[in-house]
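Respectively, the protein sequence lines represent chains D and R.
All residue numbers for the first sequence refer to our numbering, where the first residue is 2 and numbers rise by one.
All residue numbers for the second sequence refer to our numbering, where the first residue is 81 and numbers rise by one.
Where is the CB? At the ideal position from N, CA and C, for every residue including glycine.
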Amino acid sequence: MIKRLATIALLMSATSVMAVDSPINGVVEPKCSIWTETNGVYGHPLPYKLSTESADGGVHASIRVDVAQADYYKTKFTHPNSFSSSPTLTDAVAWTGSTIVGQVGVSGMSAYEAAKVTYNNVTEFNMTLAGSTWFTVKSTASYGSTKALPAGNYTAMIVAECIAK
Amino acid sequence: MYRQVAILLSFLFCTTLNAHEMTPAYPTLKQSYIDGVYVTKMKLFNRRKEIEYYAIQVFTDDWKSIPFASTSKVIKVGYNRRKLFEVYIRLKDIDKATYICTESKVFKSKEQVTLVSSKICSKIKQDE
Numbered sequence: 002m003i004k005r006l007a008t009i010a011l012l013m014s015a016t017s018v019m020a021v022d023s024p025i026n027g028v029v030e031p032k033c034s035i036w037t038e039t040n041g042v043y044g045h046p047l048p049y050k051l052s053t054e055s056a057d058g059g060v061h062a063s064i065r066v067d068v069a070q071a072d073y074y075k076t077k078f079t080h081p082n083s084f085s086s087s088p089t090l091t092d093a094v095a096w097t098g099s100t101i102v103g104q105v106g107v108s109g110m111s112a113y114e115a116a117k118v119t120y121n122n123v124t125e126f127n128m129t130l131a132g133s134t135w136f137t138v139k140s141t142a143s144y145g146s147t148k149a150l151p152a153g154n155y156t157a158m159i160v161a162e163c164i165a166k
Numbered sequence: 081m082y083r084q085v086a087i088l089l090s091f092l093f094c095t096t097l098n099a100h101e102m103t104p105a106y107p108t109l110k111q112s113y114i115d116g117v118y119v120t121k122m123k124l125f126n127r128r129k130e131i132e133y134y135a136i137q138v139f140t141d142d143w144k145s146i147p148f149a150s151t152s153k154v155i156k157v158g159y160n161r162r163k164l165f166e167v168y169i170r171l172k173d174i175d176k177a178t179y180i181c182t183e184s185k186v187f188k189s190k191e192q193v194t195l196v197s198s199k200i201c202s203k204i205k206q207d208e
């Protein structure tokens with residue numbers, strides 16, 4: 002009898018301990034994250050040329066944009082049209098570049114590529130779906146038509162923007 | 081074997097990922113303790129290891145700069161740290177103020193690379 006009562010008392014005390022709540026709270030709000038997965042690297046295939054093309058020994062920049070809620074943001078990518086640091090250059094540099102949709106987290110995001118808007122060195126994408134999209138930014142610089150680039154380090158800036166609509 | 085390599089690669093990629101986040105997407109301006117000055121609170125999260133400083137900017141709808149006050153126009157945010165900051169805007173400017181942005185400040189590099197500057201803009205919620 003005493004053993005039964007002890008068991009019941011133990012069970013009651015055990016259940017009261019299990020009833021204690023330990024909530025984990027979280028808030029899902031519209032937000033945009035810009036992830037720089039790969040900084041681009043310039044290859045130097047010709048004396049006058051720097052390029053991020055893999056065939057030229059370079060690496061394209063890869064930027065991931067995560068959007069938590071659909072249709073709250075647009076993104077803008079500005080590919081370089083000048084060096085942010087370089088040796089002294091006495092001639093003009095001809096710049097080309099582009100931004101394309103790479104991998105997509107949701108299949109519908111593939112449509113971003115056809116719907117993109119390009120002006121000057123800027124490419125805009127309307128982020129109509131929630132999830133992750135990878136963008137590839139390409140850049141090429143040619144110095145003084147075919148003049149050899151002076152030796153030194155060259156850096157150019159890509160600007161990735163996420164703007165609430 | 082392939083699974084182990086895949087896990088190792090994904091771990092390596094994860095550790096090199098870098099992000100910039102700012103919330104809320106649609107901040108609301110409220111009367112501050114100073115008469116004629118409105119304020120909103122923003123939250124910045126820095127997961128970019130190579131970035132330590134972010135510039136705060138306020139713009140009109142057509143991207144013209146608007147005067148504002150904050151603890152500092154360039155704030156220092158450590159890696160994997162959140163920073164709460166307030167943006168004060170004058171009453172006469174609040175109808176024009178549309179975007180509050182933070183832009184990463186990139187240090188000069190000694191490599192032959194393209195650097196990525198990230199910029200996130202929230203849109204100020206105007207009263208109906």
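Examine chain D for any beta-carbon lying closer than 7 Å to the beta-carbon of T182/R, and answer yes or no.
With a threshold of 7 Å between beta carbons, T182/R makes no contact with chain D.
Quick one: Cα of S108/D to Cα of N26/D, how far?
Distance between the alpha carbons of S108/D and N26/D: 31 Å.
Any C-beta of chain R sitting closer than 7 Å to the C-beta of S143/D?
At a cut-off of 7 Å, the C-beta of S143/D has no neighbouring C-beta in chain R.
Using a C-beta cutoff of 7 Å, does W36/D count as contacting chain R?
Look at W36/D: its C-beta is under 7 Å from a C-beta on chain R.
What number of angstroms, rounded off, separates the C-alpha of Q206/R from the C-alpha of D175/R?
Straight-line Cα distance between these residues: approximately 8 Å.
Roughly how many whole angstroms lie between the Cα atoms of L124/R and P48/D?
One C-alpha to the other measures close to 43 Å.
Looking at the structure shown, is L88/R part of a helix, part of a strand, or coil, going by DSSP?
At L88/R the pLDDT is 40, less than 50, meaning the model places this residue with poor confidence; the figure from the coordinates comes in the next sentence. Helix, per DSSP.
Check whether the Cβ of E132/R lies closer than 7 Å to any Cβ atom in chain D.
Answer no: the Cβ-Cβ gap between E132/R and chain D never drops below 7 Å.
With a 10 Å radius around its C-beta and 16 neighbouring C-beta atoms as the bar for buried, classify A157/D as buried or exposed.
Under this definition A157/D is a buried residue.
Taking DSSP as the reference, what is the three-state secondary structure of K172/R?
Three-state result, K172/R: helix.
Minimum C-alpha distance to C163/D - residue among W36/D, V29/D and S23/D
Checking every option, the nearest Cα to that of C163/D belongs to W36/D.
G132/D and G106/D: beta carbons closer than 7 Å?
Going by C-beta atoms, G132/D is nearer than 7 Å to G106/D.
Of all the alpha helix (DSSP H) runs that stay within the bounds of the stretch 50-116 of chain D, which reach a length of 4 or more residues?
Runs of the alpha helix (DSSP H) inside the stretch 50-116 of chain D: 112-116.
What does T120/R touch in chain D if you count any residue whose Cβ is under 8 Å from its own?
Simply none; closest approach about 13 Å.
Please name the residue, chosen from M122/R, S112/R and E130/R, that lies closest to I136/R on a Cα-to-Cα basis.
For the residues M122/R, S112/R and E130/R, the minimum Cα distance to I136/R belongs to M122/R.
L195/R touches chain D at which residues, Cβ-Cβ below 8 Å?
One finds N40, S85, T156, A157, M158 and I159 in chain D with Cβ atoms closer than 8 Å to the Cβ of L195/R, taken in chain order.
Whole-angstrom C-beta distance between G98/D and N121/D, which should lie under 8 Å:
At roughly 11 Å, the Cβ-Cβ gap does not stay under 8 Å, so N121/D and G98/D are not in contact.
What is the residue span of the beta strand (DSSP E) that Y144/D lies within?
Residues G132 to Y144.
What are the residues of the stretch 145-177 of chain R that lie near chain D, defined by any Cβ-Cβ distance shorter than 7 Å?
Those would be none; no residue qualifies.
Please list, in chain order, the chain D residues whose beta carbon lies closer than 7 Å to that of T103/R.
What T103/R touches in chain D: E30 and K32.
Answer yes or no: do V157/R and N126/R have a C-beta to C-beta separation smaller than 7 Å?
Their beta carbons are under 7 Å apart, which means V157/R touches N126/R by this criterion.
Tell me which same chain residues have a C-beta within less than 8 Å of the C-beta of R128/R, skipping the five on either side of it?
The residues are N98, A99, H100, Y159, S184 and S198.
Which residues in chain R sit within 8 Å of A165/D, going by Cβ to Cβ distance?
A105, Y106, Y179, C201, S202 and K203, listed in chain order.
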